[in-house]
Amino acid sequence: QAKQNGGSQYCFYTEEMDQHITRKLQLENGLRKAVEQEGIDVYYQPQLDVFSGKIIGFEALARWNHPDLGFISPDEFIPLAEETKLIVPLGEKILLEACRQFRQWMDEGHDLERISVNLSAIQFMDPTIISTVESVLRQTEVAPEHLEIELTESIVQDSVQALPVMHRMKKMGIQLALDDFGTGFSSLSYLKDFPLDTLKVDRSFIQTIHENEKDRAVVDTVIQLADRLGLSVIAEGVETEAQLDYLRSRGCVEYQGYFFSKPLSKTEASALLTRSMAM
Ligand code: C2E
Ligand code: MG
Ligand code: MG
Ligand code: MG
530 QAKQNGGSQY CFYTEEMDQH ITRKLQLENG LRKAVEQEGI DVYYQPQLDV FSGKIIGFEA
590 LARWNHPDLG FISPDEFIPL AEETKLIVPL GEKILLEACR QFRQWMDEGH DLERISVNLS
650 AIQFMDPTII STVESVLRQT EVAPEHLEIE LTESIVQDSV QALPVMHRMK KMGIQLALDD
710 FGTGFSSLSY LKDFPLDTLK VDRSFIQTIH ENEKDRAVVD TVIQLADRLG LSVIAEGVET
770 EAQLDYLRSR GCVEYQGYFF SKPLSKTEAS ALLTRSMAM
């Protein structure tokens, strides 16, 4: 009996593992093709001023519609792109596309402060990163002050490697934001040592602002901390008016989230900008 159970369990796991490996291979091959053939789109989520409601800029977010498997979340394909190093050419394309789009919006007369682009640790540590960013800014004629690079705590953890790159970017005039703040192995020391401009409060704290006093305490503290350190703060994942009201009452100046808009295709984002200009 035990042997039988063990046997069938073994089978079950094998099948599951097979499926997992098959999917992974399928995604890996698909990803390679998608990177070559411009199969990955850039979507744009508006970032707004909490007080005036004005659109300040956009965060560029990668979107992949697999020909057979359908929509694949960045939470699945970005780690895969990192594992396979495809993130380097992919990230470069996303950066270029996002800066091109930003240039176009500025040329159309929209008054935007920034385009935010996520960089993964592998990209950030790649020796070509500085020349890539320089080349993209030159090609697109986007002023470095308008480009914000979003870094995660996994990058800043490796401070020996990360610090010189951050300093070079700062010297170029690029803005640096720390994404998902509060979720990693937060060490406060890098907040004082690293040349950051902005903290992005992770959406997990925003989501339960009204249920959980501890989340309110975290949000309040991050806002105060940023203020004391002379950093900007942006709240991500704002889904309700009540959450926005709370942030306003705490003096948080910027936000993004489904409450105003999901990430939009470039066409949708352009239409939104045109509508808001007419208002
Ligand atoms: P992130 O940079 O923290 O991006 C915010 C994520 O929250 C996005 O998920 C966005 O669609 C989602 N979001 C925004 N507002 C709301 C809201 O109100 N409610 C909820 N529930 N979610 C909201 P997305 O696009 O699935 O991206 C997931 C993560 O994948 C990103 O987290 C980022 O770490 C990574 N990623 C996405 N695009 C890129 C990219 O171009 N390069 C790199 N390196 N990473 C990327
Ligand atoms: Mg981000
Ligand atoms: Mg984030
Ligand atoms: Mg995230």
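According to UniProt numbering, the sequence shown holds residues 530 to 808 in order. Ideal Cβ positions, reconstructed from N, Cα and C, are used throughout, including at glycine. All values derive from a computational prediction rather than experimental measurement.
Query, Result
"On the three-pair Cβ rule with 8 Å, is the region 541 to 561 touching the region 762 to 779?", "no"
"Could you pull out every residue in the same chain whose Cβ sits closer than 7 Å to the Cβ of L615, ignoring the five residues on either side in sequence?", "L560, R561 and V564"
"According to DSSP, what are the bridge partners of L648?", "Answer is none; L648 lacks a bridge partner."
"Quick check on A755: buried or exposed, where buried means 16 or more other Cβ atoms within 10 Å of its Cβ?", "buried"
"E670: buried (16+ other C-beta within 10 angstroms of its C-beta) or exposed?", "exposed"
"Indicate the three-state DSSP secondary structure (helix, strand or coil) for A672 in the structure shown.", "coil"
"Note the first and the last residue of the continuous beta strand (DSSP E) segment covering K614.", "K614 -> no beta strand (DSSP E), and no H or E assigned at all."
"For P603, is the beta carbon positioned less than 6 Å from some heavy atom of ligand 1?", "yes"
"Given that a residue counts as buried once 16 or more other Cβ atoms are within 10 Å of its Cβ, and exposed if not, what is A531?", "Because the pLDDT of A531 is 43, which lies under 50, any placement of that residue in the model is unreliable, and the question is left without a value."
"Please name the residue, chosen from E682, P618 and I735, that lies closest to E567 on a Cα-to-Cα basis.", "P618"
"Just checking E783 against ligand 3 - is the residue's beta carbon closer than 6 Å to any of the ligand's heavy atoms?", "no"
"Under a Cβ-count criterion, where at least 16 other Cβ atoms within 10 Å of its own Cβ denotes burial, should A807 be classed as buried or exposed?", "exposed"
"Give me whichever residues DSSP pairs with H549 in a beta bridge.", "Partner(s): none; H549 has no beta bridge."
"For ligand 1, any of its heavy atoms closer than 6 Å to the Cβ of L590?", "yes"
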